[in-house]
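Undergrad: Numbering (the working numbering), first residue to last: 142 to 435. My questions all concern the structure below.
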Amino acid sequence: MPNHSSWSRKVFLVFNFIFLTFISLLCLMPIVHILAISFSSGAAASAGKVLLWPVDFTTAAYDNVFGKPEYLRAFWVSTQRVVLGTTVSMLLTIVTAYPLSKSTSQFRLRTWYAWFFVFTILFSGGLIPMYITVKSLGMLDTIWALVLPGAVPVFNVILLLNFYRNLPKELEESSRIDGAGHFKTLWKIYVPLSLPALATTGLFTIVGHWNSWFDGMLYMNHPENYPLQTFLQSVIIKMDFRFIKAENVELMIKLSDRTSKAAQIFVAAFPILIVYPFLQRFFIKGIVMGSVKE
């Protein structure tokens, strides 16, 4: 007799594969569309002729992007922000999550401190007090205004402390017997074993810093200090041909508002598209193990 259970499972797997492939293509199509527009001529893009393949292929939009010193400066500010912000945030997240992962017998005020951090998720001081604090500390128009206000993401701390709590307690006990203190135990045992959770929280931090634009608009008084996303949000409103010389008429003809913005959007998204596949394999494991509380 035929195995109906096996047959129905095969049908389900085929249907599931087709459905997920369709969803994946829907997610990729906007990116491919933006890329096609960025490599198309201005006339074709303005006429709406570009779908998923470039029309009248040209790299004029990218010549425009990389010829703008203000765009490159904003890109550099965002790069500095991601490197510095991720380093500071991950360091503070690690040293915050470690003591909060201990039991109340090891850390008497652990519950009080944990609720203190959770309270900041539910309630905040508000935009104006935050701005006054940043201004009073002299951080306006500095990279630190983009890094320090959100340097301890509580959601990442919760993920990491739950991951620490799932690690075998015998590891810490053996390190204590060997004479290791808390710091040595943390950096020699806990951190190497928590790479999936660190990769997950690191990815959250990188994407958060790279995509953030409002704080740049809030804390930066001069456009030359804008990070890339703030620059894209507030500065690029219309085509800017200031860098094009009068004799370079051919480049002006090939460009349009749509092709220029498409190129800038794709260049801004490209670093995340490169980083994500390398960290994605840790993503599910880090989320699952970091979300389970014993």
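Built from N, CA and C at the ideal position, the CB exists for glycine as well. Bear in mind the structure is a predicted one, so any value in this text is a computation, not a measurement.
(1) If you drop the 5 nearest sequence neighbours on each side, which residues of the same chain put their C-beta closer than 7 Å to that of Phe258?
(2) What is the rounded straight-line gap between the Cα of Met358 and the Cα of Tyr367?
(3) Leu414: which of Leu169, Arg150, Leu161 and Ile164 sits nearest, CA to CA?
(4) Closer than 6 Å by C-beta to Thr326: which residues in its own chain qualify, once you throw out the five before and the five after it? Chain order, please.
(5) Could you check which residue in Trp285, Thr283 and Tyr331 has the C-alpha nearest to that of Tyr305?
(6) Following the continuous alpha helix (DSSP H) through Asn307, name the residue where it begins and the one where it ends.
(7) Once you ignore the five residues that flank Asn352 on each side, which residues in its own chain have a CB closer than 7 Å to its CB?
(8) How many angstroms separate the CA atom of Asn205 from the CA atom of Ser181?
(9) Hey, how far is the Cα of Phe156 from the Cα of Leu176?
(10) Starting from Asp204, trace the alpha helix (DSSP H) both ways and give me its first and last residue.
(11) For His323, which of helix, strand or coil comes out of DSSP?
(12) Which one of Leu233, Val293 and Thr199 has the shortest CA to CA distance from Ile436?
(13) Do Leu466 and Arg251 have their C-beta atoms closer together than 8 Å?
(14) How is Ser401 classed by DSSP in three states: helix, strand or coil?
(15) How many angstroms separate the CA atom of Asp356 from the CA atom of Val152?
TA: Taking the structure as given:
(1) If we look at Phe258 and ignore the five residues flanking it on each side, its Cβ neighbours are Val295 and Val298.
(2) Those two C-alpha atoms are separated by around 7 Å.
(3) If we check each option's Cα against that of Leu414, Leu169 comes out closest.
(4) Short of 6 Å from the beta carbon of Thr326, and not among the five residues preceding or following it, lie these beta carbons of its own chain, in chain order: Glu313 and Ser316.
(5) Checking every option, the nearest Cα to that of Tyr305 belongs to Tyr331.
(6) Neither: Asn307 is in no alpha helix (DSSP H) and is coded neither H nor E.
(7) Hits under 7 Å: Gln370.
(8) Cα to Cα, Asn205 sits roughly 13 Å from Ser181.
(9) Rounded to the nearest whole angstrom, the CA to CA distance from Phe156 to Leu176 is 30 Å.
(10) Secondary structure note for Asp204: its alpha helix (DSSP H) is the uninterrupted segment Ala201 to Phe207.
(11) Looking at His323 - three-state DSSP - the assignment turns out to be helix.
(12) Examination of residue 436 is not possible in this model, given that the chain is present from 142 through 435 alone.
(13) In this structure the chain extends from 142 to 435, so residue 466 is not present and cannot be described.
(14) In this structure, Ser401 counts as helix in the three-state DSSP scheme.
(15) In a straight line, the C-alpha of Asp356 is about 50 Å away from that of Val152.
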